[in-house]
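Working notes, beginning with the structure itself.
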Amino acid sequence: EVALVESGGGLVQPGRSLRLSCSASGFTFGDYAMSWFRQAPGKGLEWLSFIRSKTYGVTTEYAASVEGRFSISRDDSKSIVYLQMNSLKTEDTALYYCARDGIGDTFDIWGQGTMVTVSS
Amino acid sequence: DIQMTQSPSSVSASVGDRVTISCRASQGISSWLAWYQQKPGKAPKLLIYASSTLHSGVPPRFSGSASETDFTLTITSLQPEDFATYFCQQAYSFPLTFGGGTRVEIK
Numbered sequence: 029e030v031a032l033v034e035s036g037g038g039l040v041q042p043g044r045s046l047r048l049s050c051s052a053s054g055f056t057f058g059d060y061a062m063s064w065f066r067q068a069p070g071k072g073l074e075w076l077s078f079i080r081s082k083t084y085g086v087t088t089e090y091a092a093s094v095e096g097r098f099s100i101s102r103d104d105s106k107s108i109v110y111l112q113m114n115s116l117k118t119e120d121t122a123l124y125y126c127a128r129d130g131i132g133d134t135f136d137i138w139g140q141g142t143m144v145t146v147s148s
Numbered sequence: 005d006i007q008m009t010q011s012p013s014s015v016s017a018s019v020g021d022r023v024t025i026s027c028r029a030s031q032g033i034s035s036w037l038a039w040y041q042q043k044p045g046k047a048p049k050l051l052i053y054a055s056s057t058l059h060s061g062v063p064p065r066f067s068g069s070a071s072e073t074d075f076t077l078t079i080t081s082l083q084p085e086d087f088a089t090y091f092c093q094q095a096y097s098f099p100l101t102f103g104g105g106t107r108v109e110i111k
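Okay, here's the thing in structure tokens:
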């Protein structure tokens, strides 16, 4: 079964760091680009970051709201995509999802999400 | 950045009704638009990509259409499991952007 499972969320103080992980199974992870999204409580979806496959140079894209603070990476040998989040702000509080780019930058497989709460 | 304006923000409908949700892009995005369904406490699910192609396993009562920068998601004969929030997403260029969502509620 194709699946994505996020982990690493939690409660963190403003200014601190957190690393999220997204573990993939059931498909050839290295063949796909991956992305991170978030959804603040009661709000809409926000795209955060994107990483291409090795075929496309493992290049990355970021939303302006997180560029310079967040960093996406991948380990194809472990089928994991990471989101390193630094200098966290209270407005980063949200449910964070990873998703597989299945079809032309649209996302056909999503994880269940991991909650990040930034508060003192 | 490409802005996606989705309307209405909510709609009340009954089982069996036809529901139409609109999404307008601030600039041309060709057919690079997707629609997702999200139920409370769950991750989004891809319904339609490339503006009108039904994702695998999605019932044919869902359909998508496009006219220049205007995109439409239509649900014919609304079913109880269709009560959810729907989002559009442009896949034309980075940053990827979403519409604000449309909540389909039971009338």
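Protein sequence lines, in the order shown, are assigned to chains Y and Z.
Counting in my numbering, the first sequence runs from 29 upward without gaps.
Counting in my numbering, the second sequence runs from 5 upward without gaps.
For glycine and all other residues, C-beta sits at the position ideal for the given N, C-alpha and C.
Looking only at its chain, what residues have a beta carbon closer than 6 Å to the beta carbon of PRO48(Z), apart from the 5 residues adjacent to it on each side? If we look at PRO48(Z) and ignore the five residues flanking it on each side, its Cβ neighbours are TYR40, GLN42.
With three or more C-beta pairs closer than 8 Å as the rule, is the region 8 to 20 of chain Z touching the region 74 to 88 of chain Z? yes
Quick one: is THR101(Z) near chain B, going by C-beta distance under 8 Å? Of the protein chains in this structure, namely Y and Z, none is chain B.
Unbroken stretches of the beta strand (DSSP E), 3 residues or longer, contained in the region 102 to 128 of chain Y: 108 to 113
Reducing DSSP to helix, strand and coil, say where GLY130(Y) ends up. strand
Going straight from the alpha carbon of PHE78(Y) to that of GLU34(Y), what length do you get? 16 Å
Can you name the residues that DSSP bridges to ASP74(Z)? ARG28(Z), SER71(Z)
Helix, strand or coil for ASP5(Z), going by three-state DSSP, please let me know. coil
For PHE91(Z), which residues in chain Y fall below 8 Å Cβ to Cβ? GLY72, LEU73
Does PHE75(Z) get closer than 8 Å to chain Y when you measure Cβ to Cβ? no
Just to make sure I have the definition right: I need the residues of chain Y whose C-beta is within less than 8 Å of the C-beta of ALA95(Z). Which are they? GLY132, ASP133, THR134
Can you grab the Cα-Cα spacing for the pair GLN41(Y) / ARG97(Y), in whole Å? 15 Å
Alpha-carbon spacing of SER97(Z) relative to MET62(Y), whole angstroms: 15 Å
Just to confirm before moving on: does the CB-CB distance between ARG44(Y) and TYR124(Y) stay below 8 Å? Contact: no.
Can you check whether the C-beta of GLU89(Y) is within less than 8 Å of a C-beta belonging to chain Z? yes
For the beta strand (DSSP E) that contains GLY38(Y), what are its first and last residues? 38 to 40
Listed by chain order, chain Z residues near ALA68(Y) by CB distance under 9 Å: What ALA68(Y) touches in chain Z: nothing, since even the nearest Cβ is about 12 Å away.
Going straight from the alpha carbon of THR87(Y) to that of ARG22(Z), what length do you get? Near 42 Å, if we compare the C-alpha coordinates of ARG22(Z) and THR87(Y).
Between the region 99 to 128 of chain Y and chain Z, which residues of the former have CB atoms less than 7 Å from a CB of the latter, in chain order? Result list: TYR125.
Figure out for me which residue from LYS46(Z), ALA38(Z), THR89(Z) has the closest Cα to the Cα of GLY130(Y). ALA38(Z)
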